[in-house]
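In this text, residue positions in the sequence shown follow my numbering: the first is 19, and each later residue adds one.
Heads up, the beta-carbon is just placed ideally off N, CA and C, and yes, glycines get one too.
No experiment lies behind these values; they were computed from the predicted model shown.
See below for the structure under consideration.
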Amino acid sequence: MILTVVAGVITDSSGRVLITQRRADVPFAGCWEFPGGKLNPQEAPLAGLARELTEELGITLTAAQPLITVHHDNPLTQRRLWLSVYRVTAYHGQPNGCEGQPLRWCDPQTLDPAEFPPLDRPVIRALQLPNLSLITPEPTGDVAAFVRQLERALQTGIQLVQLRAKSLTDGEFAQLAQQVSGMCQQYSAQLVFNRPLASLQRGTFNAIAHHGWHLTAADLSQLTQRPTAPALLGVSCHTAADLRHAAQVEADYALLSPVQPTRSHPDAQPLGWEQFSQLVATANLPVYALGGVGREHLIHAQQCGAQGIAAIRGLWRDQSQHQATAA
């Protein structure tokens, strides 16, 4: 049996999101959640969301786009709970607690997952992540030029940077990472290091503040639980099995590739948007589209359920160059 629930993320002009408090007579009483509820039989998701928002908040939904889908299987009841969350992009009216429920507007970065039902926790992470993720190209010998180009990319609004430099030793990587870390802090961007799991677990880069980890699919397969060190954990995935494992070890996000043909991996079989969308729907964590995508694919990727897009060339160079390559 499948129980389908829809929820809406409503944002005000300052970027705060609306949360509501659960009643005392329901599971997870007193927890905060995003407004929404169960679909009626044969009810379409957006129609159900519109009905719930009118009943709960007194507003009229006019536009929304997919944010994330989360599911949970209960072996005792043999019931699957399927939560489809939408970002509300337009509505009429002023939200009010029509059922007497408390409302609160919050900065997404301050949301505490412990105050929400477990199924809402990937939703919170999706709200805290940006929609563009830059993967740096392999650095050449001119480190100063590399850092200058990174700053130009950050000036376009990039908020998540994956520092990827396979050709460097750990010592060389650490030196570059110090400069990149300072630049990312200056622009309030999150930074993750793509290095072998063994190097990260040794604490090689612990002295460099404010960074997370990004693991290859091969390194992901070695994990049985989430590492304690990184505040942000990203993983590269290529299959449904990779995505399931990423959710099991509580990764914060995944890059799923290749979505389309790429110049860097011409022999790799692309997923295509239809299969990408199917995989994302069962992922249980925010997923970025990677491989043959650029800024021009962002809206379509989000319509397919993606958090956004990740790219090298399409986000590293000037905005006239949109073609991205896979990592």
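DSSP three-state assignment for Q293, whether helix, strand or coil: Judged by DSSP in its simplified three-state form, Q293 adopts helix.
Through-space distance from G323 to Q177, alpha-carbon basis: Between the alpha carbons of Q177 and G323 lies a distance of about 20 Å.
Residues near H228 by beta carbon distance below 7 Å, same chain, minus five either side: Closer than 7 Å at the Cβ level, and outside the excluded window around H228, lie S199, Q203 and L209.
Per-residue DSSP class, three states only, for S151: For S151, the three-state secondary structure derived from DSSP is strand.
Pick from E117, V165, C124 and R40 that is closest to P135, judged by C-alpha positions: Of E117, V165, C124 and R40, the residue nearest in Cα terms is R40.
Neighbour-count burial assignment, I20, 16 or more Cβ in a 10 Å radius: Burial call: exposed.
DSSP three-state assignment for T359, whether helix, strand or coil: Because the chain spans 19 through 345 in this model, residue 359 falls outside it and cannot be assessed.
Counterpart residues of P84 in DSSP-defined beta bridges: According to DSSP, residue pairing for P84 in a beta bridge involves Y104.
Bridge-paired residues (DSSP) for W50: As computed with DSSP, W50 is found in a beta bridge with Q39.
For E190, the three-state DSSP class (helix, strand or coil): DSSP places E190 within a helical segment (H, G or I) once states are collapsed to three.
Cβ-Cβ distance between G310 and P279 below 8 Å: By the CB criterion at 8 Å, G310 and P279 fall inside the cutoff.
Bridge partner(s) assigned by DSSP for F211: DSSP, once it has assigned bridges, lists L181 and W231 as partnering F211.
Distance between G221 and E133 (C-alpha atoms, nearest Å): Taken atom to atom, the span from the alpha-carbon of E133 to that of G221 is near 31 Å.
Among Q173, T107, L168 and A307, the one whose alpha carbon lies nearest that of G195: The sequence shown places Ala at residue 195, not Gly. Restricting attention to Q173, T107, L168 and A307, the CA atom closest to the CA of A195 is found in L168.
Stretch pair the stretch 107-120 + the stretch 229-247: three plus CB contacts closer than 8 Å: No: fewer than three Cβ pairs fall under 8 Å.
C-alpha gap between T80 and K184, whole angstroms: Taking the CA atoms as reference points, T80 sits about 47 Å from K184.
Collapsed DSSP secondary structure at I77 in the structure displayed: I77 sits in coil when the DSSP states are folded into three classes, being neither helix nor strand.
Local Cβ density within 10 Å of N302, reported as buried at 16 or more and exposed below that: With at least 16 other beta carbons inside 10 angstroms of its own, N302 counts as buried.
Boundaries (first-last residue) of the beta strand (DSSP E) holding L129: Going by DSSP, L129 is part of no beta strand (DSSP E) at all; its letter is neither H nor E.
Per-residue burial, E292 [other beta carbons within 10 Å of its own, 16 or more giving buried]: Exposed.
Cβ neighbours of C116 in the same chain (closer than 7 Å, five flanking residues each side left out): Cβ-Cβ distances below 7 Å link C116 to E73, E74, L75 and G76 in the same chain, with the five nearest sequence neighbours on each side left out; the list follows chain order.
Environment of G175 [buried if 16+ CB atoms lie within 10 Å]: Taking a 10 Å sphere around the C-beta of G175, we find fewer than 16 other C-beta atoms and assign the residue as exposed.
Residue from V165, N224, A207 and F164 whose Cα sits closest to the Cα of A192: Measuring from the Cα of A192, the nearest candidate turns out to be N224.
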